[in-house]
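Read the structure below first, then the notes.
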Amino acid sequence: MASSTSSPHTTNSKQKIRIALSIDFDAISGWLGTSQHPDNNMADHSSGYFSGYVGVPRLLKVFSRLGISNKVTWCIPGHSIETFPAQAKAIAESGAEIALHGYAHEGSTQMTAKQERDVLIKTMGLVKKLTGKQPRGYRAPLYQIQERTVKLLQEFDFLWDSSLAHLDSSPYLLPKEVEKLETIEFSPDKEAKDWMKPSKDFMRLEKSGLVEIPCNWYMEDMTPMQ
Numbered sequence: 001m002a003s004s005t006s007s008p009h010t011t012n013s014k015q016k017i018r019i020a021l022s023i024d025f026d027a028i029s030g031w032l033g034t035s036q037h038p039d040n041n042m043a044d045h046s047s048g049y050f051s052g053y054v055g056v057p058r059l060l061k062v063f064s065r066l067g068i069s070n071k072v073t074w075c076i077p078g079h080s081i082e083t084f085p086a087q088a089k090a091i092a093e094s095g096a097e098i099a100l101h102g103y104a105h106e107g108s109t110q111m112t113a114k115q116e117r118d119v120l121i122k123t124m125g126l127v128k129k130l131t132g133k134q135p136r137g138y139r140a141p142l143y144q145i146q147e148r149t150v151k152l153l154q155e156f157d158f159l160w161d162s163s164l165a166h167l168d169s170s171p172y173l174l175p176k177e178v179e180k181l182e183t184i185e186f187s188p189d190k191e192a193k194d195w196m197k198p199s200k201d202f203m204r205l206e207k208s209g210l211v212e213i214p215c216n217w218y219m220e221d222m223t224p225m226q
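When we follow UniProt numbering, the leftmost residue of the sequence shown carries the number 1, and every step to the right adds one.
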């Protein structure tokens, strides 16, 4: 994720707090993927257009004024890149890092393994065409990430993911081998002793080089502002 170096407008040299600032430019895609619903209507979609027409230019101006344009990470769905090409170009030209965020904000559980791979490859190509650089960061739409997603990120040499919350504010390394958590199948035919056993200690599994930058609903503005 982009550097969290202090803004030149910082007045107290003794300040120790550092933040990683990121924006999910979901726009219309948020209504097409994880938030798809038969009741979605034109008013919902208009808020997605607002994100592109108004939100992005305003944020770019704010970041420029604060001198942090190149210290911000934008997680952009492929749909937003292709639907709002001028805004995507402006983001790239601001010097910001651009990370992947699905194509149509589709959650991993909505797709087959092949579909998820195809989406990753497509969006990698879109970002590389936009920036001239291979994307190295990923945030799963609505944080809907699976074990196979992590394996894909490792396969394509991503440096970081920001979809999980094993910790609150400290980055950590993800395991080399990510296994699906064994869940409980409750049935009258089973004995209680069959499911009363601990899960593996995630933090003690052998590490990969993929860094997890934890993120959750309490760290973003959408939750209180919706």
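We treat Cβ as the ideally placed atom computed from N, Cα and C, and that holds for glycine.
For residue i, tell me which candidate among the options has the shortest Cα-Cα distance.
{"i": "His-101", "options": "Lys-89, Thr-109, Thr-123 and Arg-117", "result": "Thr-123"}
{"i": "Val-211", "options": "Ser-170, Asp-189, Asp-194 and Ser-187", "result": "Ser-170"}
{"i": "Asp-201", "options": "Glu-177, Val-54, Pro-214 and Ser-187", "result": "Glu-177"}
{"i": "Leu-142", "options": "Phe-50, Thr-131 and Trp-217", "result": "Trp-217"}
{"i": "Leu-159", "options": "Tyr-138, Glu-179, Leu-167 and Pro-175", "result": "Tyr-138"}
{"i": "Pro-175", "options": "Ser-187, Glu-206 and Pro-198", "result": "Glu-206"}
{"i": "Leu-130", "options": "Ala-90, Asp-161, Ile-145 and Gly-107", "result": "Ala-90"}
{"i": "Pro-214", "options": "Glu-191, Lys-197, Met-222 and Ser-163", "result": "Ser-163"}
{"i": "Ala-165", "options": "Phe-186, Ile-184, Tyr-49 and Ala-140", "result": "Ala-140"}
{"i": "Ser-51", "options": "Val-150, Asp-26, Met-1 and Thr-183", "result": "Asp-26"}
{"i": "Thr-183", "options": "Met-222, Lys-197 and Glu-191", "result": "Lys-197"}
{"i": "Trp-74", "options": "Gly-132, Met-1, Thr-34 and Pro-85", "result": "Met-1"}
{"i": "Lys-133", "options": "Ile-17, Asp-161, Ala-92 and Ser-208", "result": "Ala-92"}
Do residue i and residue j have their C-beta atoms closer together than 8 Å?
{"i": "Val-119", "j": "Tyr-103", "result": "yes"}
{"i": "Ala-99", "j": "Pro-135", "result": "yes"}
{"i": "Ile-121", "j": "Thr-83", "result": "no"}
{"i": "Arg-148", "j": "Ala-96", "result": "no"}
{"i": "Leu-152", "j": "Glu-116", "result": "yes"}
Between residue i and residue j, how many whole angstroms is the CB-CB distance? I'm expecting something under 8 Å.
{"i": "Ser-94", "j": "Asn-70", "result": "7 Å"}
{"i": "Ile-23", "j": "Leu-59", "result": "6 Å"}
{"i": "Val-54", "j": "Gln-87", "result": "About 10 Å; that fails the 8 Å criterion."}
{"i": "Gln-154", "j": "Gly-107", "result": "About 20 Å; that fails the 8 Å criterion."}
{"i": "Leu-21", "j": "His-105", "result": "Contact doesn't hold; Cβ gap of about 20 Å is too wide."}
{"i": "residue 228", "j": "Val-150", "result": "Past the edges of the chain, shown from 1 to 226, lies residue 228, and the structure says nothing about it."}
Measure the C-alpha to C-alpha separation of residue i and residue j and round it to an integer number of angstroms.
{"i": "His-79", "j": "Arg-204", "result": "38 Å"}
{"i": "Ile-19", "j": "Met-219", "result": "11 Å"}
{"i": "Thr-109", "j": "Lys-14", "result": "45 Å"}
{"i": "Asp-194", "j": "Leu-181", "result": "16 Å"}
{"i": "Phe-63", "j": "Tyr-172", "result": "28 Å"}
{"i": "Gln-36", "j": "Met-111", "result": "14 Å"}
{"i": "Asp-221", "j": "Asp-39", "result": "24 Å"}
{"i": "Asp-168", "j": "Lys-61", "result": "30 Å"}
{"i": "Lys-190", "j": "Gly-30", "result": "41 Å"}
Using DSSP with H/G/I as helix, E/B as strand and the rest coil, what is residue i?
{"i": "Leu-21", "result": "coil"}
{"i": "Lys-176", "result": "coil"}
{"i": "Ile-98", "result": "strand"}
{"i": "Trp-217", "result": "helix"}
{"i": "Tyr-49", "result": "helix"}
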